[in-house]
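A.B. asks:
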Amino acid sequence: MAGSGAELKPAVLKHRRTTLERVEKFISEIYFTDCNLRGRLFGASCPLASLSCFETSQRIPYEEAVRQEFRLVKVGDCFGSTWQTCWFKVDLSIPREWTGKEVHLLWESEGEGMIWRDGQPVQGLTREGEKTSYILTDNLKETDPHSLTLYVELACNGLFGAGKGSMIAPPDPDKKFSLQKAELVVFNRDVHELLVDFEILLDMAKLLGEENQRSFQALYTANRMVNLCDVANPSTFAAVHELACSVFGQKNGESQHVIHAMGHCHIDSAWLWPYDETIRKCARSWVTVIRLMEKNPEFTFVCSQAQQFEWVKNWYPGLYSTIQKFAKEGRFIPVGGTWVEMDGNLPSGESMVRQFLQGQRFFQQEFGKLCLEFWLPDTFGYSAQLPQVMNGCGIHRFLTQKLSWNLVNTFPHNTFVWEGIDGSQVLAHFPPADSYGLAGCVEEMLKTVKNNRDRGRVNHSAALFGFGDGGGGPTQKILDRLRRMKDTDGLPRVQMSTPDRLFTALEKEKAQLCTWVGELFLELHNGTYTTHGQIKKGNRECERLLHDVEVLSSFALAQKSSFQYPSAKLQHLWRLLLLNQFHDVLPGSCIQLVAEDAMRYYSGMNLPWPLREASRGILSSSQETNGSILVVNTLPWKRTEVIPKAGPGGSKTLALVTVPSMGYCVVQDSLPPPYPVTVTKEVDGSVIMKNGLVRVCLDTLGRVTSLCLMQPERESVPEGCCANQFVIFDDVPLYWDAWDVMDYHLETRKTVAHLLKPLEIIQPGGLRGSVTFSLQISEKSVLTQEVILDAACPHVRFQTQVRYACNLLWKLFPLLNTPIPVYVLNPIRNKGISLKKRKTLTAVLLTSEIMSDQTSMKSSFFFGPSRLSAYYVFQQGNIPHFRWVQSNLFHNCAILIPAAISRCTIKPFLCNV
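The numbering of the sequence shown is UniProt numbering, which starts it at 1 and goes up by one.
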């Protein structure tokens, strides 16, 4: 009213869009940084006193690095090439006038860095992981040292390797790494706190929606904060922060969803970087976690993979001791119970058990407790045998999230009971945010509630936060975000938690949960069952070798009490094998450098000494005679088979032997075959092979036109059809080049029918008959196959070798029988410790490749062909499927058995020592 003396304030129409954008610009990293709040995050700055560098191609320890000769460098210089290491000597001199300030070393560079102070690692540095500054002091005192020297160990690779052009491309060997910023700065902690306040309020305003009253409350509070905040006057900051707290302090109702937040840092033991770099990734990530724990007493962090703990123990003992200290407090929490986060399908059943045995043993010895939950968030599918294995190892809880990657079908649950083949059950939880590397944002917490497919059954779920895959882990900013969402009206209740608290809450509602029976199949990355076939072959060979060494050593110990059972050596070899079963190594989804590491490990394991030493313990000198050999059967049934044997003058011959189950015998002469093998070449060039048990007919292209069980006579190949027919398909997936096999590739089928070398009899019969032939695949690519039939053997062997040279990637499918018109009840495949029937569901149509450890059967009324192989995979329809990406030479041995299912037993070759 005029003349009243009251100040008139114009009414302001708060338009939602303009208000939102006003707040966004006030904290923007791009716009108006000269006058907005973001521009005040750092205060005064000063250059480094000195910066020098030493480059090396080796990953050397700190003690060796600091003794090297360093050269002066400056900001803006480029360093190294991919996989090299640059050590920086950083001399600092903090200005005296910064007393009372929080002082940071600001470091922005490509690559991954580790800061060393007083001979100890203190923090990781990575721009990709939002770690670009190191706190020198929270509050500089007059008595504090103002001059000091730090070292920065910079790995010339990023969090996700060094792919040329894209993340999953091969590494660029010529890539250079630059240093963009290295200086001392004053860090304004009060500005940082306000920026987090604004960020949370802004996200609430945008994401809760216009229909939600709480959205407008958050927006208008943020707008009032902008009005109140004078960026040039820090004395206004406290009042602005109080306004934000007035929103965060309004509590939730009792029914609000509870999110169990846990720090997490998924580190692939190898993937786009080699094993040796993973050791440093673990140290960089975990030492940063320790620094956060020292400043945030409520912070909890979960960490899997015993192998990574052992690496840190061996290479960073000081850091490891600190980790053990926080583990005793229940804050740095080992989880998973396995040696590594292994592939969920390809390892044998014995290897699955050994993963838990070695992992749980390590955690018990080092941390005094066993893991209660299986932690496998990133594997490409999960075998139906895992619940049984878990239960046998004392684990009844399971966490993953990988099925959220399904290409077509959305998995129907987030919390459920997973039941294995034998009826074993575990409580399974998939974090609804569909990630194990959350940034702690409002959007992710809301997604956790929205995506929960078991609402009404359970009111608790997990949120795993921290940069992952290539390491990095949580940041202070993530923790500050979560702290503001602890119990804020309009948002789910977010509490720092542990796996035990989460699963204990879920177990209270277990009776209401649904049950999923069988495997958890991932509708993506099916191509990993065949990529890098040599890795898979090495895995299978070493699994068998270790099994045989243990059996032979047990025989030897039973024979001679003085025999030294090689326990320590076997544990070392098992741990190498288990490491190579990591979920990006055994599947072949790794770079070539990792594949070479894996093959080197296999070569170190696949040595003759273990078998030789064990056999010496079995065979006494009195049993040894000229021309005799020790033949061992490490399988639990009596076996009669043809084996190679040294003949007179160093020649090689064959022998038919019978060896008892889990036993051995000394063989000097061959047994007479009950029915000698005959190989007959017909006038038209086709071949008939038979041994009294089976008869196989090959046409002129090497295709199997008949595979007959002779007693009683039953045919496996229907009339007019053929098996062992080779075809090729295009190999062009949607994105993951060596990982995926898409359904549309079946539309590009081309038959390989160019005969290069006709069928030729190599071994005419008796104990063994064999035929070989060659097919031309392309101008320079040739397939050669030998078909082998032994006496007294109920199966036929196919040894296939491919030499190829072409620019295009392609697949070769040696078909079991392309158009077999059999009434298929259930394809059955062996997966480690059990036989698994493949369900004929709509979702199964997406299984372009399906995993099988050693055996696959295609049966109708308990009769049908079975296939045994050292390889792992079949294309849908039981088509054996091979795929090459890295090698130009491929070998495979497959076996066809035309027998009733009751007779289809896996029969690896006898161990001939």
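C-beta atoms are modelled at their ideal positions from N, C-alpha and C, and glycine is treated no differently.
Quick one: any contact between the stretch 396-406 and the stretch 377-388, if contact means 3 or more CB pairs under 8 Å?
C.D. replies: The stretch 396-406 is in contact with the stretch 377-388.
A.B. asks: Is residue 178 near the ligand GDP, in the sense that its beta carbon is under 7 Å from a heavy atom of that ligand?
C.D. replies: Questions concerning the ligand GDP fall outside what the structure shown contains, since it holds no ligand whatsoever.
A.B. asks: In three-state DSSP terms, what is residue 290?
C.D. replies: Start at 1 with the first residue of the sequence shown, and residue 290 comes out as number 290. DSSP places residue 290 in helix when its eight states are reduced to three.
A.B. asks: From the DSSP secondary-structure annotation, give me the bridge partner or partners of residue 259.
C.D. replies: Within the sequence shown, residue 259 is the residue found at index 259, counting from 1. Answer by DSSP bridge pairing, in chain order: 461 and 494.
A.B. asks: Between residue 382 and chain B, is there a C-beta pair that is closer than 8 Å?
C.D. replies: Structure shown: chain B not included; a single protein chain is present.
A.B. asks: For residue 668, count neighbouring Cβ atoms within 10 angstroms of its own Cβ and tell me buried if that reaches 16, exposed if not.
C.D. replies: As a position in the sequence shown, residue 668 is number 668, starting the count at 1. Looking at its Cβ environment, which holds fewer than 16 other Cβ atoms inside 10 Å, residue 668 is exposed.
A.B. asks: Hey, out of 696, 114 and 81, whose CA is closest to residue 471's CA?
C.D. replies: In the sequence shown, the residue the question calls residue 471 occupies position 471. Of 696, 114 and 81, the residue nearest in Cα terms is 114.
A.B. asks: Could you please give the first and the last residue of the uninterrupted alpha helix (DSSP H) stretch that includes residue 248?
C.D. replies: On the sequence shown, position 248 is the one that residue 248 refers to. It spans 237-248 - the alpha helix (DSSP H) in which residue 248 sits, taken as one unbroken run.
A.B. asks: Please report how far the alpha carbon of residue 485 lies from the alpha carbon of residue 305, in whole angstroms.
C.D. replies: By 1-based counting over the sequence shown, the position of residue 485 is 485. By 1-based counting over the sequence shown, the position of residue 305 is 305. Their backbone Cα atoms lie some 30 Å apart in a straight line.
A.B. asks: Across which residues does DSSP place residue 93 in a beta bridge pair?
C.D. replies: Within the sequence shown, numbered from 1, the residue matching residue 93 stands at position 93. BP columns for residue 93 point to 147.
A.B. asks: Looking at C-beta atoms only, is the number of pairs between the stretch 476-494 and the stretch 434-449 that lie closer than 8 Å three or more?
C.D. replies: As far as the Cβ criterion goes, the stretch 476-494 touches the stretch 434-449, which means the pair count is three or higher.
A.B. asks: How big is the Cα-Cα spacing for residue 571 and residue 563?
C.D. replies: Position 571 of the sequence shown, counted from the first residue, corresponds to residue 571. Position 563 of the sequence shown, counted from the first residue, corresponds to residue 563. Their Cα atoms are separated by approximately 18 Å.
A.B. asks: Exposed or buried, residue 653, counting other C-beta atoms within 10 Å across all chains shown (16 or more means buried)?
C.D. replies: What you label residue 653 is simply residue 653 of the sequence shown in a count that begins at 1. Counting Cβ neighbours within 10 Å, residue 653 comes out exposed, since fewer than 16 surround it.
A.B. asks: Do you know how far the Cα of residue 802 is from the Cα of residue 681?
C.D. replies: As a first step, residue 681 is located in the sequence shown; it is residue number 681 there, counting from the start. As a first step, residue 802 is located in the sequence shown; it is residue number 802 there, counting from the start. So the two alpha carbons sit approximately 25 Å from each other.
A.B. asks: Rounded to whole angstroms, what is the Cα-Cα separation between residue 742 and residue 419?
C.D. replies: Residue 742 sits at position 742 when you count from the first residue of the sequence shown. Residue 419 sits at position 419 when you count from the first residue of the sequence shown. If you take the alpha carbons of residue 742 and residue 419, they lie about 29 Å apart.
A.B. asks: Alpha carbon to alpha carbon, how far is residue 253 from residue 424? Give it in angstroms, no decimals.
C.D. replies: Sequence index remark: in the sequence shown, residue 424 carries index 424 (1-based). Sequence index remark: in the sequence shown, residue 253 carries index 253 (1-based). If I take the Cα positions, the gap works out to 38 Å.
A.B. asks: With a 10 Å radius around its C-beta and 16 neighbouring C-beta atoms as the bar for buried, classify residue 754 as buried or exposed.
C.D. replies: Stepping through the sequence shown from its first residue, residue 754 is reached at position 754. By the 10 Å Cβ count, residue 754 comes out exposed.
A.B. asks: Could you give the distance in angstroms between the alpha-carbon of residue 299 and the alpha-carbon of residue 430?
C.D. replies: Indexing the sequence shown from 1 puts residue 299 at position 299. Indexing the sequence shown from 1 puts residue 430 at position 430. Whole-angstrom Cα-Cα distance: 22 Å.
A.B. asks: Just the C-alpha distance for residue 510 and residue 413, rounded to the nearest angstrom, thanks.
C.D. replies: Counting from one through the sequence shown, the residue named residue 510 turns up at place 510. Counting from one through the sequence shown, the residue named residue 413 turns up at place 413. Taking the straight line from one Cα to the other gives about 13 Å.
A.B. asks: Please work out which residues of its chain come closer than 7 Å, Cβ to Cβ, to residue 19, disregarding the five sequence neighbours upstream and downstream, and give them in chain order.
C.D. replies: What you label residue 19 is simply residue 19 of the sequence shown in a count that begins at 1. Excluding residues within five positions, the ones whose Cβ falls inside 7 Å are 219 and 223.
A.B. asks: Of the choices 702, 505, 130 and 644, whose alpha-carbon is the least far from that of residue 655?
C.D. replies: Residue numbering aside, residue 655 sits at position 655 when the sequence shown is read from its first letter. Closest option to residue 655, Cα to Cα, is 644.
A.B. asks: Taking buried to mean at least 16 other C-beta atoms within 10 Å of its own C-beta, is residue 637 buried or exposed?
C.D. replies: Numbered from 1 along the sequence shown, position 637 holds the residue referred to as residue 637. It counts as exposed.
A.B. asks: If contacts are defined as beta-carbon pairs under 8 Å, then residue 528 and residue 380 qualify, I think. What distance do you get, rounded to the angstrom?
C.D. replies: Within the sequence shown, residue 528 is the residue found at index 528, counting from 1. Within the sequence shown, residue 380 is the residue found at index 380, counting from 1. Yes, they are in contact, since the Cβ atoms of residue 528 and residue 380 sit about 6 Å apart, within 8 Å.
A.B. asks: Enumerated in chain order, which unbroken segments of the beta strand (DSSP E) with a length of 3 residues or greater are wholly contained in the stretch 676-706?
C.D. replies: The qualifying runs are 677-681, 687-690 and 694-698.
A.B. asks: Do the CB positions of residue 183 and residue 125 come within less than 8 Å of each other?
C.D. replies: Translated into positions along the sequence shown, residue 183 becomes position 183. Translated into positions along the sequence shown, residue 125 becomes position 125. No, they are not a contact pair.
A.B. asks: Buried or exposed for residue 100, going by 16 or more other Cβ atoms inside 10 Å?
C.D. replies: On the sequence shown, position 100 is the one that residue 100 refers to. Label assigned to residue 100: exposed.
A.B. asks: According to DSSP, is residue 282 part of a helix, a strand, or is it coil?
C.D. replies: For the purposes of this step, residue 282 is identified with residue 282 of the sequence shown, where counting begins at 1. Looking at residue 282 - three-state DSSP - the assignment turns out to be helix.
A.B. asks: In terms of residues, what are the limits of the alpha helix (DSSP H) holding residue 203?
C.D. replies: Taking the first residue of the sequence shown as 1, we reach residue 203 at position 203. From DSSP, the alpha helix (DSSP H) with residue 203 extends over 189-207.
A.B. asks: For the beta strand (DSSP E) that residue 715 lies in, which residues bound it at each end?
C.D. replies: Position 715 of the sequence shown, counted from the start, is the residue given in the question as residue 715. Here the beta strand (DSSP E) through residue 715 covers 713-715.
A.B. asks: Quickly, what does DSSP pair residue 121 with across the bridge? List them, please.
C.D. replies: Against the sequence shown, residue 121 aligns to sequence position 121. Answer by DSSP bridge pairing, in chain order: 116.
A.B. asks: Please determine, among 641, 533 and 60, the residue with the shortest C-alpha to C-alpha distance to residue 588.
C.D. replies: Within the sequence shown, residue 588 is the residue found at index 588, counting from 1. Per the Cα distances, 533.
A.B. asks: Please classify residue 697: is it buried, with 16 or more other beta-carbons within 10 angstroms of its beta-carbon, or exposed?
C.D. replies: Along the sequence shown, read from residue 1 onward, the residue named residue 697 stands at position 697. Looking at its Cβ environment, which holds 16 or more other Cβ atoms inside 10 Å, residue 697 is buried.
A.B. asks: With a CB to CB cut of under 7 Å and the five nearest residues on each side skipped, what residues in its chain are close to residue 717?
C.D. replies: Residue numbering aside, residue 717 sits at position 717 when the sequence shown is read from its first letter. Cβ within range, chain order: 704, 705, 706, 707, 723 and 817.
A.B. asks: Taking the alpha-carbon of residue 536 as reference, which of 585, 206 and 488 has the nearest alpha-carbon?
C.D. replies: The residue given as residue 536 occupies position 536 in the sequence shown. That would be 585, whose Cα lies nearest to the Cα of residue 536.
A.B. asks: Assuming residue 330 and residue 360 are in contact, meaning their beta carbons sit under 8 Å apart, how far apart are those beta carbons, in whole angstroms?
C.D. replies: Counted from its first residue, the sequence shown places residue 330 at position 330. Counted from its first residue, the sequence shown places residue 360 at position 360. Contact doesn't hold; Cβ gap of about 18 Å is too wide.
A.B. asks: Using the C-alpha atoms, what's the distance from residue 788 back to residue 670?
C.D. replies: Locating residue 670 in the sequence shown gives position 670, where the first residue counts as 1. Locating residue 788 in the sequence shown gives position 788, where the first residue counts as 1. Cα-Cα distance, rounded: 19 Å.
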